[in-house]
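Student: Here our numbering runs 800 ahead of the position in the sequence shown, where the first position is 1.
Ideal placement from N, C-alpha and C gives every residue a C-beta, glycine not left out.
Note that the coordinates shown come from a computational prediction; the quantities given were computed from them, not determined experimentally.
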Amino acid sequence: MAKAKKKVPARPKASAKPETRSNPKVSSDPKAGAKPEATSNPKAGAKPAAAGRDPAARAPELRELLERYNYRYHALDDPEVPDAEYDRLMLELRGIEAEHPQLVTPNSPTQRVGAAPVAAFGTVRHRIPMLSLDNAFSEEEVREFDRRIRERLEQERPVRYAAEPKLDGLAFSAVYENGEFTQGATRGDGETGEDVTLNLKTIAALPLKLRSADVPPLLEVRGEVFMPLAGFERFNKQALARGEKAYVNPRNAAAGSLRQLDPRMTASRPLDLFIYGTGYVEGGTLPTHHAQTLQLLRQWGFKICPQSKVVESIEGCLEYYHEMGAARSTLPYQIDGVVYKVDDLDVQRHLGFVSRAPRWAIAHKFPAEEALTTVREIEFQVGRTGALTPVARLEPVFVGGVTVSNATLHNMDELTRKDVRVGDTVVIRRAGDVIPEVVRVLPERRPVDGPALVELPAKCPVCGSPVVREGDQAIARCTGGRTCAAQRKEEIKHFASRRALDIQGLGDKLIDQLVERDWVRTPADLFGLEASRLATLDRFGEKSAQKLEVAIEAAKRTSLPRFLYALGIRDVGEATALGLAQYFGTVEALRAATAEEVQRVPDVGPVVARNVAAYFGDAENAEIVDRLLASGITWPALDKNAASGELTGKTFVLTGTLASLTRDAAQEAIALRGGKVSGSVSKKTHYVVAGTEAGSKLRKAEELGVEVLDEAAFLTLLKQ
Ligand code: IVH
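Dropping the structure here:
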């Protein structure tokens, strides 16, 4: 869902930087308070400091302003005043309350700092039990859920559902009496939970006072407390630096933080929350549908998940599942699935519950990203630059939607830190398309007389050359260079890969065979391969051989940045390759450059510059480059004028699919002309290029009035 327009520069949310305004309880910059003129809104809060005014009148005025700004910031994601102004008002209120303690109210915004510790939590009996949800793991199960509902309702037509992310945190209940927050509780066993009122109060996203006179006199809302990913990572890093234990995952971190006996501890944690429904309500009237209720709750001051959506049928639910699955890795918080709820509350009541779960809702879970398995072996893989990576060979396990039998241990330092040994039971994580990794060992399951920690081999397991680890570097390398078959294979795999020369149909297994038969030693040998010879490879017919020959020929037409990237020079990624191409314009100019000259390229440091110069200075590399060029690899000459950039200073955001060029190609075209590509739309974006199925970025561009280019307009711009 598109975000509301921002009137002032966005400040970091709880997910980004909890120590600033998002946690108003944390002390603010005292200097900020000295600049009342910093306000951007002359109507609100611009009044001069308390001096001379009746504190009994000023205190409620300040509370109202602070609550309003807090609401705009957290619930609406649309800040109204700069942080400094908020801090100034908070300081003023603190001053009044310090001087006149009788004016302090329990729900004053100053009271979020965290009260004194308690010996134990009291218990709270939920007036309506807090239930859990049934889970579905497949589309069939979801369709079955919908079929059961329609059967019960004796209805053919589709059911309308509210679809929401399933937040991976801790459920809580919050009770408001006459609009004031009075009690907060954990779910507990569903019947009784723990009284965490003081802890919940410290979470800035929870309103302490509701923003309407029309709220039911007794209103219970329910939702999920969670720790946003950025906050989780930062918190863990700080905990480790202090020699404390890190939390295993954001959910544990949220649960551990909310259930602290000292509310000041909770106050120091970057917690956030969303409300996803109501509990017990007395008096007043609420809407007839769930989604409408959420909208009303939002108006009253609650923070509602912006990804919630109403869909017209179960098909819409399944579409939503895929949308959220794709968006999952970009969300600032962890979700473990989506929830579908019958939108009509009368229908919900009619459907009722079965044991501990409602019949009108279901959680459609994403494939688990973590799973347990055992380590069969630990081996060392040799990469393109000779780097030795310890890899755990695993008892195959289904995780993140695929069967995984290998997981990286990154390097010796990681292996030692995690203390992973053969026979260990380990947690494996595979998120999105990221390489599976070993997260941690379960020490309690370690076999009693299992083997010791694997040591770094002194010799390369592939070619037997010595392995060296320079200084205190984490990476150990095989010194064999191209005499090592593993390095040869990896060099060619990199050369042929999608972002390099993109040789279609030349997969890893094929490259292994080509190197093992010694038909190919270096990338230059690829261009001498003939279909007749290729056809003799294992499981390779004449047709595939011919196709591959054509693909190799086609790959000769490339671009200079791709060619430079494909060479596999150490530390030269795509961005550096592009920078080198733009700066030097030709491969000859780059080859002739000294390290000092290379270092003049923007963003190229001394190490990379030395690597580049060393690469071209090596006789074998020079011969390979000569042969590659002689084999007919070409690219359009870089127009120096174009390269220096008619799009200089322009920022683009790409969204949707373009018919005539890939996203990489579009990005390269923009960069070649001096422009920049950014991942998110802001007022500073110059153009949003919208292909088909453009999503929220297009809506955001329209909202912010950023110029939108369709594919044709974009291509025209590139030609200019
Ligand atoms: S509705 C009777 N909505 O999932 C309905 N729950 O397995 C109960 N959860 O305890 C909850 N996101 O902690 C609902 N959008 C969402 C949710 C959600 C996460 C959690 C909640 C609940 C558990 C049920």
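Quick check on this structure: which residue in Ala1324, Leu1194, Glu1507, Arg925 has the alpha carbon closest to the alpha carbon of Thr1208?
Tutor: Here residue 1208 corresponds to residue number 408 of the sequence shown, with the count starting at 1. The option with the nearest alpha carbon to Thr1208 is Leu1194.
Student: Under the criterion of a Cβ to heavy atom distance below 7 Å, does Ser932 qualify as lining the ligand ATP?
Tutor: Within the structure as shown, the ligand ATP is missing, the only ligands being the ligand IVH.
Student: Excluding the 5 residues flanking Arg1321 on each side, which residues of the same chain have their C-beta closer than 8 Å to its C-beta?
Tutor: Locating residue 1321 in the sequence shown gives position 521, counting from the first residue. Closer than 8 Å at Cβ, skipping near neighbours: Arg1282, Arg1288, Val1315.
Student: Relative to the ligand IVH, is the shortest distance from any of its heavy atoms to the C-beta of Glu1020 smaller than 7 Å?
Tutor: Mapped onto the sequence shown, residue 1020 falls at position 220. Every heavy atom of the ligand IVH is 7 Å or more from the Cβ of Glu1020, so no.
Student: The alpha helix (DSSP H) with Glu964 in it runs from where to where?
Tutor: For the purposes of this step, residue 964 is taken as the residue at position 164 of the sequence shown. First-last for Glu964: 961-967, but that is the beta strand (DSSP E), not the alpha helix (DSSP H).
Student: Let me check you understand the geometry: is the CB of Tyr1076 closer than 7 Å to at least one non-hydrogen atom of the ligand IVH?
Tutor: Translated into positions along the sequence shown, residue 1076 becomes position 276. Result yes, Cβ under 7 Å from the ligand IVH.
Student: Residues in the same chain with beta-carbon distance under 6 Å from Thr992, minus the five sequence neighbours each way, listed in chain order, please.
Tutor: Along the sequence shown, read from residue 1 onward, the residue named residue 992 stands at position 192. These residues qualify, in order along the chain: Thr923, Arg925.
Student: Among Gln1382, Glu1423, Pro1247, Thr1434, which residue has its Cα nearest to the Cα of Leu1301?
Tutor: For the purposes of this step, residue 1301 is taken as residue 501 along the sequence shown, with counting starting at 1. The shortest Cα separation from Leu1301 among Gln1382, Glu1423, Pro1247, Thr1434 belongs to Thr1434.
Student: CB of Arg987 to nearest heavy atom of the ligand IVH: below 7 Å?
Tutor: Along the sequence shown, read from residue 1 onward, the residue named residue 987 stands at position 187. Yes, the ligand IVH has a heavy atom inside 7 Å of this Cβ.
Student: Using 8 Å as the Cβ pair cut-off and three pairs as the minimum, do the region 903-916 and the region 1086-1105 touch?
Tutor: no
Student: Mark Asp1272 as exposed unless 16 or more other C-beta atoms lie within 10 angstroms of its C-beta, in which case mark it buried.
Tutor: By 1-based counting over the sequence shown, the position of residue 1272 is 472. Flag for Asp1272 reads exposed.
Student: Have a look at Glu1446 and Pro1406 and give me their C-alpha separation to the nearest angstrom.
Tutor: Counted from its first residue, the sequence shown places residue 1446 at position 646. Counted from its first residue, the sequence shown places residue 1406 at position 606. In a straight line, the C-alpha of Glu1446 is about 29 Å away from that of Pro1406.
Student: Using CA atoms only, rank isn't needed, just tell me which of Arg1463, Gly1474, Phe1153 is closest to Ala1490.
Tutor: To locate residue 1490, count along the sequence shown from 1; it is residue 690. Checked all of Arg1463, Gly1474, Phe1153; the closest Cα to Ala1490 is Arg1463.
Student: Rounded to whole angstroms, what is the Cα-Cα separation between Ala1276 and Gly1186?
Tutor: Counted from its first residue, the sequence shown places residue 1276 at position 476. Counted from its first residue, the sequence shown places residue 1186 at position 386. Rounded to whole angstroms, Ala1276 to Gly1186 spans 8 Å at the Cα level.
Student: Quick one: give me the first and last residue of the beta strand (DSSP E) that Gln1181 is part of.
Tutor: By 1-based counting over the sequence shown, the position of residue 1181 is 381. That run of the beta strand (DSSP E) goes 1170-1182.
Student: For Gly993, which residues does DSSP report across the bridge?
Tutor: Looking up residue 993 in the sequence shown gives position 193. Partner(s): Val924.
Student: Between Lys1450 and Tyr1487, is the Cβ-Cβ spacing less than 8 Å?
Tutor: Residue mapping note: residue 1450 aligns to position 650 of the sequence shown, counting from 1. Residue mapping note: residue 1487 aligns to position 687 of the sequence shown, counting from 1. Tyr1487 sits close to Lys1450, with the two beta carbons spaced by under 8 Å.
Student: To which residues of the same chain is Pro1247 closer than 7 Å at the C-beta, ignoring the five residues directly before and after it?
Tutor: Mapped onto the sequence shown, residue 1247 falls at position 447. For Pro1247, where only same-chain residues beyond five positions count, the Cβ hits under 7 Å are Gly1223.
Student: What are the boundary residues of the alpha helix (DSSP H) that Gly1417 is part of?
Tutor: As a working note, residue 1417 is residue 617 in the sequence shown. Taken as a continuous stretch (DSSP letters only), the alpha helix (DSSP H) holding Gly1417 covers 1406-1417.
Student: Does the count of Cβ pairs from the region 1398-1413 and the region 1359-1373 closer than 8 Å reach three?
Tutor: As far as the Cβ criterion goes, the region 1398-1413 touches the region 1359-1373, which means the pair count is three or higher.
Student: Mind checking which residues open and close the alpha helix (DSSP H) that includes Ala1552?
Tutor: As displayed, the chain neither begins before 801 nor continues past 1520, which places residue 1552 out of reach and without an answer.
Student: Given a cut-off of 8 Å on the beta-carbon distance, is the pair Leu1073 and Ala1005 in contact?
Tutor: The residue you call residue 1073 lines up with position 273 of the sequence shown. The residue you call residue 1005 lines up with position 205 of the sequence shown. Between Leu1073 and Ala1005, the C-beta gap is smaller than 8 Å, which places the two residues in contact.
Student: Examine the ligand IVH and report whether any of its heavy atoms sits within less than 7 Å of the Cβ of Pro917.
Tutor: As a first step, residue 917 must be located in the sequence shown, where it is residue number 117. No, since every heavy atom of the ligand IVH falls outside the 7 Å radius drawn around the Cβ of Pro917.
Student: Identify which residue in Ala985, Ala1091, Glu1123, Gly969 has its Cα closest to the Cα of Ala1055.
Tutor: As a position in the sequence shown, residue 1055 is number 255, starting the count at 1. Considering only alpha carbons, the answer is Gly969.
Student: Thinking C-beta only, is Ile1075 closer than 8 Å to Phe1102?
Tutor: Mapped onto the sequence shown, residue 1102 falls at position 302. Mapped onto the sequence shown, residue 1075 falls at position 275. It is a contact, given that the beta carbons lie within the stated cut-off.
Student: Since Pro1007 and Glu1082 are thought to touch, with beta carbons under 8 Å apart, how far apart are those beta carbons, to the nearest angstrom?
Tutor: Here the question's residue 1007 lines up with position 207 in the sequence shown. Here the question's residue 1082 lines up with position 282 in the sequence shown. At roughly 19 Å, the Cβ-Cβ gap does not stay under 8 Å, so Pro1007 and Glu1082 are not in contact.
Student: Under 8 Å, with one C-beta from each stretch per pair, do the region 1196-1208 and the region 1258-1272 reach the 3-pair mark?
Tutor: no
Student: Taking only three categories from DSSP, how would you classify Pro1361?
Tutor: One-based indexing of the sequence shown puts residue 1361 at position 561. It is helical.
Student: Regarding Val942 and the ligand IVH, is the C-beta to nearest heavy atom distance less than 7 Å?
Tutor: Taking the sequence shown and counting its residues from 1, one reaches residue 942 at position 142. Every heavy atom of the ligand IVH is 7 Å or more from the Cβ of Val942, so no.
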